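Residue 404 in our numbering sits at position 424 of the sequence shown, with consecutive numbering throughout.
Single-structure report; data block below.
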Amino acid sequence: MRSILQHPVAMLTSFALAVVPMIVAPVSADELDDAKLRDKIKDTETVPWVAPQHLGWRLEPSLPKHEAELATARSQFRDPAAIEVFAKAAPGIVYVTDGETGHGSGFFVREDGWIVTNNHVVDGMPFSAERGGQVARIVYGDLDKDGAMQVMPGYLEAVVYKRDETRDLALLKLTKLPAGVRRVPFIERAAKTPSAGTSCYAIGHPSSGVLWTLRVGVISGHGRHPHDHIVPGLLLGVDPQVTREVQAALKDQPFRRTTLSTCGVNPGDSGGPLLDEEGKLIAVTYAVPADVGDRSFSYHVELQEVEEFLKDWPKEPRPTPPSSIPQARNIATADLDEDQINETLVFSVDEESGPKGIWIDIDQDSASSPSKKKMLNRLSTFDPVADWDTEFAMVLQPNKTIFFDTDNDNRMDLIIMPRNERKSIQMTLKNDRWTVTTATEIFPAKPFQSAEMNERWRTFAKLFE
Ligand SMILES: [Ca+2]
Ligand SMILES: [Ca+2]
Ligand SMILES: [Ca+2]
Ligand SMILES: [Ca+2]
């Protein structure tokens, strides 16, 4: 098979960036263990899927090389502002986790326990029927008399109230404040975004650092993601036809205003604050460049996006569907029904480890469409979201989740989350609203509205039996 998945890929949509996190840690029992399925997809050609990497989760133990490369040496100097920034801000910065698969950072934005972090940090957090939303565990700390942060024992719980995929922001609220605490320390927001060259400070919980690690740097630049990112050879000073195509492809894409800094953030820093010299919020950390060799700068969600996100404080948690995009580095295509047309994307971390998820184009109209093929060959890029018309997805980590586009309108509308032997949770989209109920089966016999699609589904469902 000739590879259609070449470098650089997935740079054309903010969606692609928002969903390619650093790889989650230890491989769980949810690994795709079905022998029949494994057998079918082992002979595919795998190519790297290059996109800026998220920081919400630890690296896999199998990637120690990257871990070493991520370490950023900072010059050693005594900066009185940095000392003050740390003392002022660190107690307002929390550790966000599901208690199982990894962690991100977050921070209090109000004294009554509201927390901001990245959307991708809370993406895999489990649903709680009693709480009416996803629940995250929050670990917090306090400054001791020597100016060091001490972690508090145990954890608090916070419910996810709101998520914004485009901005990669999430708003959570503690279910109750720490015992004996009436107000939590929170991070104030700066009046405006500072210009390039201004000193800035990142504090978070990088997996290769310690809890509450401070990094000092400068603002390197501002831009819109993905519109202002430099895609090598695609945007400037090239064939005007190519420029027009890229611009046309980006025209209706939502974007996120992004601040770049030299603060050297690492996995685990996602959702942590970027601060000014007064310890006020100027941006929220979310990613580093995908190219592991190029970690000289860090990506942050710009302050203005945070302000817009915080304009409206919801009264109730709003159920938001999990992402159907697996956390992976590579994509391969496969032909599971053996009719010589590829209909399946297989997402993996590397060639050796098992799949992290699959997408099946049930009606097989992706690889077979001549216009799509032409487009893919010309741009040499592949964005699964835009280029693969999938009607079924299965994500294996951090929690096994199954997705169907039952009416084939290009939007997943039935999501099933197996929890344990007895219980599964189901999310259904109706009139633009998600409702959460208990699921009766994990792989329904006839999930689709069309009989033809259900007939096709039977072929693939057999692989999961
Ligand atoms: Ca096929
Ligand atoms: Ca399709
Ligand atoms: Ca479709
Ligand atoms: Ca749909």
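The beta-carbon is built from N, C-alpha and C at its ideal position, and this holds for glycine as well.
Everything numeric in this text was worked out from a predicted model, so none of it was measured.
For the putative contact between A308 and V281, defined by C-beta atoms under 8 angstroms, what is the C-beta separation to the nearest angstrom? On the sequence shown, position 328 is the one that residue 308 refers to. On the sequence shown, position 301 is the one that residue 281 refers to. Contact flag wrong, Cβ pair sits at about 23 angstroms.
Excluding five sequence neighbours on each side, which residues of the same chain lie with their C-beta closer than 7 angstroms to the C-beta of A67? Along the sequence shown, read from residue 1 onward, the residue named residue 67 stands at position 87. Contacts found: L123, G127.
Assess contact between the segment 100 to 107 and the segment 141 to 151, defined as three or more Cβ pairs (one per stretch) separated by less than 8 angstroms. Is contact present? yes
Give me every residue whose Cβ sits closer than 5 angstroms to any heavy atom of ligand 2, in chain order. D341, D343, D345, D369
Alpha carbon to alpha carbon, how far is E432 from I340? Locating residue 432 in the sequence shown gives position 452, counting from the first residue. Locating residue 340 in the sequence shown gives position 360, counting from the first residue. About 15 angstroms.
Note down the Cα distance separating W368 from I321, rounded to an integer number of angstroms. Counting from 1 along the sequence shown, the entry for residue 368 is found at position 388. Counting from 1 along the sequence shown, the entry for residue 321 is found at position 341. Their backbone Cα atoms lie some 13 angstroms apart in a straight line.
I167, enclosing beta strand (DSSP E) - first and last residue: By one-based count along the sequence shown, residue 167 stands at place 187. Here I167 belongs to no beta strand (DSSP E), and DSSP marks it neither H nor E.
T386 to V416, Cα distance in whole Å? Position 406 of the sequence shown holds residue 386. Position 436 of the sequence shown holds residue 416. Each residue's Cα considered, the two are about 17 angstroms apart.
Is any heavy atom in ligand 3 found nearer than 8 angstroms to the beta carbon of D385? What you label residue 385 is simply residue 405 of the sequence shown in a count that begins at 1. It does: the Cβ of D385 is within 8 angstroms (strictly closer) of some heavy atom of ligand 3.
N-terminal and C-terminal residue of the alpha helix (DSSP H) that A140 is part of: In the sequence shown, residue 140 corresponds to position 160, counting from 1. The sequence as given places Val at residue 140; Ala does not occur at that position. Here V140 belongs to no alpha helix (DSSP H); instead the beta strand (DSSP E) covers 136 to 144.
6 angstroms Cβ shell around R447 - same chain, five flanking residues per side excluded: This structure cannot settle anything about residue 447, because the visible part of the chain is limited to -19 through 445.
Is H100 helix, strand or coil by DSSP? On the sequence shown, position 120 is the one that residue 100 refers to. Helix, per DSSP.
Could you pull out every residue in the same chain whose Cβ sits closer than 7 angstroms to the Cβ of Q284, ignoring the five residues on either side in sequence? By one-based count along the sequence shown, residue 284 stands at place 304. Within the same chain, Q284 has close Cβ partners T173, R237.
Do N411 and ligand 4 come close, with the Cβ less than 8 angstroms from some heavy atom? Taking the first residue of the sequence shown as position 1, residue 411 is located at position 431. Flag unset: Cβ of N411 not near ligand 4.
Could you tell me if the beta carbon of M407 falls within a distance shorter than 8 angstroms of some heavy atom in ligand 4? Numbered from its first residue, the sequence shown carries residue 407 at position 427. Not under cutoff, so the answer is no.
Burial state of P133 (16 or more Cβ within 10 Å): The residue labelled residue 133 in the question sits at position 153 within the sequence shown. P133 is exposed by the Cβ-count criterion.
Would you kindly report the start and end of the unbroken alpha helix (DSSP H) that includes T223? Reading the sequence shown from its first residue, position 243 is the one you call residue 223. 220 to 231 is the extent of the alpha helix (DSSP H) around T223.
Give me the Cα-Cα distance between V119 and L136, rounded to the nearest whole angstrom. Working through the sequence shown from its first residue, we reach residue 119 at position 139. Working through the sequence shown from its first residue, we reach residue 136 at position 156. Cα to Cα, the separation comes out at about 6 angstroms.
Out of curiosity, what's the CA-to-CA distance linking F444 and K231? Within the sequence shown, residue 444 is the residue found at index 464, counting from 1. Within the sequence shown, residue 231 is the residue found at index 251, counting from 1. Cα-Cα distance, rounded: 40 angstroms.
Between M433 and ligand 4, is the CB less than 8 angstroms from at least one heavy atom? Residue numbering aside, residue 433 sits at position 453 when the sequence shown is read from its first letter. Outside the cutoff, so no.
Chain-order list of residues whose beta-carbon lies under 6 angstroms from that of A61 (same chain, five-residue window excluded): Locating residue 61 in the sequence shown gives position 81, where the first residue counts as 1. E257, listed in sequence order.
CB of D315 to nearest heavy atom of ligand 1: below 8 angstroms? Start at 1 with the first residue of the sequence shown, and residue 315 comes out as number 335. Under cutoff, so the answer is yes.
Could you tell me whether the Cβ atoms of S303 and E145 are closer together than 9 angstroms? In the sequence shown, residue 303 corresponds to position 323, counting from 1. In the sequence shown, residue 145 corresponds to position 165, counting from 1. Yes, these two residues count as a Cβ contact at 9 angstroms.
Kindly list the residues whose CB is nearer than 6 angstroms to the CB of T193, restricted to its own chain and excluding five residues on each side of it in sequence; keep chain order. The count along the sequence shown starts at 1 and reaches residue 193 at position 213. Cβ neighbours of T193 beyond the five flanking positions: P186.
Where does the unbroken alpha helix (DSSP H) through V161 begin, and where does it stop? Here residue 161 refers to the residue found at position 181 when the sequence shown is read from its first residue. Note, V161: premise wrong, no alpha helix (DSSP H); not H, not E.
Given a threshold of 16 other Cβ atoms within 10 Å of its Cβ, counted over all protein chains shown, does D471 qualify as buried or as exposed? Residue 471 lies beyond the stretch modelled for the chain, which goes from -19 to 445, so this question has no answer here.
Ligand 4 heavy atom lying under 8 angstroms from the CB of R391: Mapped onto the sequence shown, residue 391 falls at position 411. Flag set: Cβ of R391 near ligand 4.
Residues of its chain near E11, where Cβ-Cβ distance is below 8 angstroms and the 5 sequence neighbours each way are ignored: For this step, residue 11 is matched to residue 31 along the sequence shown. The pLDDT assigned to E11 is 46, lower than 50, so where the model puts this residue is not dependable, and the model offers no usable value.
Considering only the alpha carbon of each residue, which of T370, V139, K380 lies closest to I406? One-based indexing of the sequence shown puts residue 406 at position 426. Sequence inspection shows Gln at residue 406; the Ile mentioned does not correspond to that position. Of the listed residues, the one whose Cα sits closest to Q406 is K380.
So what does DSSP say about E285, is it helix, strand or coil? Start at 1 with the first residue of the sequence shown, and residue 285 comes out as number 305. Looking at E285 - three-state DSSP - the assignment turns out to be helix.
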